[in-house]
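Residue numbers (my numbering), protein chains in the order written: chain A, 579 to 1004; chain B, 579 to 1004.
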């Protein structure tokens, strides 16, 4: 039918939103993170199972916007001032929690000869490093939820996890920037590094210019915050585009743009609006599109083995890296274990990195399924591990540092918004 | 440059958001509606002037989603219960305010032989009727703003305008549904009417089913309103898609979906979220895309004459129709004039209708520029006229009916949201 074809993109968006939400709620009911459900929705709608939704240019460009907005929001909600307060401990935990998985992932991929027979234009060496980069990611949203539920978020360990996760994000972005820039093998390493440096210099300049213009403008008009939302969106998109022109990943540009604005006033309103754009439209498209790109769920025995080992390496390297880091910073054995468990989940961060790598040819299609499985498994296992290591611990004194307070405030804001809508007459 | 081409859609979105906002603010400063600025931005970025932004499939599909969300929000914010309270007067004013412009537009187009030499597959007769349908639209947002500024919104005339505008929207949708369904000349008129009837029957069934499931579901979980936002979005998209399958315009389906949900609880939160999606992303793309589709600003002398006459007919027919309607309902001469002036602005509603008609081949490219000019001119002139007819009026007793109260409440909600974000520590 003609109208069916012509308007199929409307149907696609409806099916993506519906299935990601329903499966997300199902996984939530099973105490699993919603992103697992969203991924499954994509796999089911895509060529691997039902083959209803096509991965059109419209979907793929929307999903790219989705990941840009996700990273921008991540940057926005990273408060640089708070970052300074996270202290040495968080830094050491994060640093070792990045280096050990990076080496572990690289070692495993190299030992198993991943990507050798592939027709990607990247060297196998670069592909092995990329597996390591994926393993560096940490997503603490599921950890935060679990700890909240256990009433353990305001412990010493809980605070350390929040701080380390922020620094982990930044170290991860640096690793991603380096590896994606190196993906273009036609350019010399020195040129790549110069281009990255040039981009960051320009980015700092843009951020400063934005800050000056923005502050001036806001002084003159205090009424409507909506225009600030739009202007910050423009800034985010331009920085993402600029990054690509310098051979840097667009999501790096978006994250940097978010960081640049994160200390402005009214950031709470602005980030809430971007979260809205994200949850109601763009991020379901992004997560589903990852599932859509999996065309084949069959794995040969080598890839099954790789999947199992990848999962083991993913868990062990974070435990060793973060646990050792915590121990170095004088946390007790028990606390070190709690911190390490809180950092295992890879969540959406690893997916963002993996999707980028696949697009750039840093990763063969064959390793995509193992990585998705690793991400899902670490994300599912984290709450289980956390409940185990926090179970027997006696009630502790509450430690609420600024970081925790700002996480709670942001959560409270959305609650207040919803309350406000109920308080009216209708 | 390769990256430039590949990521140009990010740049396009950035340029559209930036230019529509800047020009929107400029026009606002000049006391003109922001939509005028957004339109100009599209014309400037498009082939008519700078030719920077291409009207790609991505942009055109996004803009279609934009207009769907606009119409859905219009439906959402139309309270059916309130509608019953608007009373006979509003209905008579709206009905005559639709019939007279419809006849006027048709007569003018027929008299000037518009669309005769065109290679559209619709009959000239249908094209003439379509010009009439465009003239039926009313957009009272600029009227509401002007009256608020003058402190005259809570007069008898102000209340009548609000009520009549809602009914005008519904009559306009009916006219649009009929004419767009008739655009497919391969189908017999009886079949068309049967298909429309079938769609509305199905729509009522879906709305009832949605209401039952939704109410049940909401009872079980009161916590998070976000999922309601997503589910209502899915409902909107599915109804839009379904409409197209029945040969009915997708925006009709979206409007009906909005109407169906408008009496649910929490609609204030839901509509605020859709307004966010609209203003920060989708509707700038829609308005700019109208400008982008204007490739040629030159007009021959016949079209200049048509433009002038169209504008005159647009203004006079609303004055005659609505003014006479008000007079019939026992409003004073002065009040009738005030009501008539408040209904002249065509605003975004006429643009939505025109864009749809152009896509379906109901309207030749040559009449697009005259229509845009008519829309912009009526929208600019409305505040001028309103100030004139309200100027000398003595202070009146405040009349606040429920309709006015709900308009004010919705406005207040966004203010409260912004206030909330300022009241926190940051």
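Glycine included, C-beta positions come from ideal geometry on N, C-alpha and C.
Given that residue i touches chain B, what residues does it touch there, using C-beta distances under 9 Å?
i, result
"residue 818 (chain A)", "585, 588 and 592"
Going along chain B in order, which residues have a C-beta closer than 8 Å to the C-beta of residue i?
i, result
"residue 599 (chain A)", "805, 808, 809 and 812"
"residue 581 (chain A)", "822, 823 and 825"
"residue 828 (chain A)", "585 and 588"
"residue 603 (chain A)", "805"
Step through the CB atoms of chain B and report whether any lies within less than 8 Å of the CB of residue i.
i, result
"residue 639 (chain A)", "yes"
"residue 864 (chain A)", "no"
"residue 823 (chain A)", "yes"
Measure the alpha-carbon distance for residue i versus residue j and round it to whole angstroms.
i, j, result
"residue 1042 (chain A)", "residue 646 (chain A)", "Outside the modelled stretch of chain A, which goes from 579 to 1004, sits residue 1042 (chain A), for which no answer is possible."
"residue 542 (chain A)", "residue 736 (chain A)", "Residue numbering for chain A in the displayed model covers 579 to 1004; residue 542 (chain A) lies beyond these limits and cannot be assessed."
"residue 643 (chain A)", "residue 729 (chain B)", "43 Å"
"residue 967 (chain B)", "residue 679 (chain B)", "22 Å"
"residue 579 (chain B)", "residue 656 (chain B)", "Confidence in residue 579 (chain B) is poor, its pLDDT being 47 and thus under 50, which makes the residue's placement too unreliable to answer from."
"residue 951 (chain A)", "residue 892 (chain A)", "11 Å"
"residue 1006 (chain B)", "residue 945 (chain B)", "The requested residue 1006 (chain B) is not part of the displayed model; chain B covers only 579 to 1004."
"residue 521 (chain B)", "residue 758 (chain B)", "The structure shown does not extend to residue 521 (chain B), since chain B spans only 579 to 1004, so no value can be given for it."
"residue 789 (chain A)", "residue 949 (chain B)", "41 Å"
"residue 1004 (chain B)", "residue 760 (chain A)", "No answer about residue 1004 (chain B) holds up, because its pLDDT of 36 lies below 50 and its placement is not dependable."
"residue 596 (chain B)", "residue 634 (chain A)", "27 Å"
"residue 624 (chain B)", "residue 860 (chain B)", "18 Å"
"residue 770 (chain A)", "residue 819 (chain A)", "17 Å"
"residue 581 (chain B)", "residue 587 (chain B)", "11 Å"
"residue 621 (chain B)", "residue 805 (chain A)", "21 Å"
"residue 852 (chain B)", "residue 648 (chain B)", "8 Å"
"residue 775 (chain B)", "residue 825 (chain B)", "11 Å"
"residue 953 (chain A)", "residue 928 (chain A)", "7 Å"
"residue 720 (chain A)", "residue 611 (chain A)", "7 Å"
"residue 780 (chain A)", "residue 814 (chain A)", "14 Å"
"residue 626 (chain B)", "residue 876 (chain B)", "9 Å"
"residue 589 (chain B)", "residue 828 (chain B)", "28 Å"
"residue 731 (chain A)", "residue 919 (chain A)", "14 Å"
Contact defined as beta carbons within less than 8 Å: I believe residue i pairs with residue j. What is the distance between those atoms, to the nearest angstrom?
i, j, result
"residue 809 (chain B)", "residue 606 (chain A)", "The Cβ separation is near 15 Å, so there is no contact."
"residue 704 (chain A)", "residue 940 (chain A)", "6 Å"
"residue 923 (chain A)", "residue 764 (chain A)", "Residue 923 (chain A) to residue 764 (chain A), Cβ: 37 Å. No contact."
"residue 741 (chain B)", "residue 668 (chain B)", "3 Å"
"residue 833 (chain A)", "residue 652 (chain A)", "6 Å"
"residue 746 (chain B)", "residue 675 (chain B)", "6 Å"
"residue 907 (chain B)", "residue 666 (chain B)", "7 Å"
"residue 711 (chain A)", "residue 754 (chain A)", "6 Å"
"residue 849 (chain B)", "residue 654 (chain B)", "4 Å"
"residue 686 (chain B)", "residue 888 (chain B)", "6 Å"
"residue 616 (chain B)", "residue 866 (chain B)", "6 Å"
Is there a Cβ of chain A sitting closer than 8 Å to that of residue i, yes or no?
i, result
"residue 635 (chain B)", "yes"
"residue 1002 (chain B)", "Low local confidence applies: a pLDDT of 47 at residue 1002 (chain B) is under 50, so the model's placement there is unreliable, and no value is given."
Starting from residue i, find everything on chain B with Cβ-Cβ shorter than 7 Å and list it in chain order.
i, result
"residue 858 (chain A)", "807, 808, 811, 851 and 855"
Quick one: which chain A residues come within Cβ less than 9 Å of residue i?
i, result
"residue 595 (chain B)", "808, 809, 811, 812 and 815"
Does any heavy atom of the ligand COA sit closer than 7 Å to the C-beta of residue i?
i, result
"residue 606 (chain A)", "The model depicted lacks the ligand COA and carries no ligand whatsoever."
- Kindly provide the ranges of any alpha helix (DSSP H) runs that are 4 or more residues long and lie completely inside the segment 600-625 of chain B, ordered along the chain. 612-623
- Query: For the segment 817-888 of chain B, which segments carrying the alpha helix (DSSP H) assignment without a break, of at least 4 residues, lie completely within its bounds, in sequence order?
  - Reply: 828-839, 845-855 and 861-870
- Item | Whole alpha helix (DSSP H) elements within the segment 664-692 of chain B, 4-residue minimum | 665-689
- Message: Which runs of the alpha helix (DSSP H) at least 4 residues long sit entirely within the segment 700-771 of chain A? Give them in chain order.
- Response: 702-714, 719-728 and 734-760
- Task: Scan the segment 878-943 of chain A and note each continuous beta strand (DSSP E) run of 3 residues or more that stays entirely inside, going in chain order.
- Result: none
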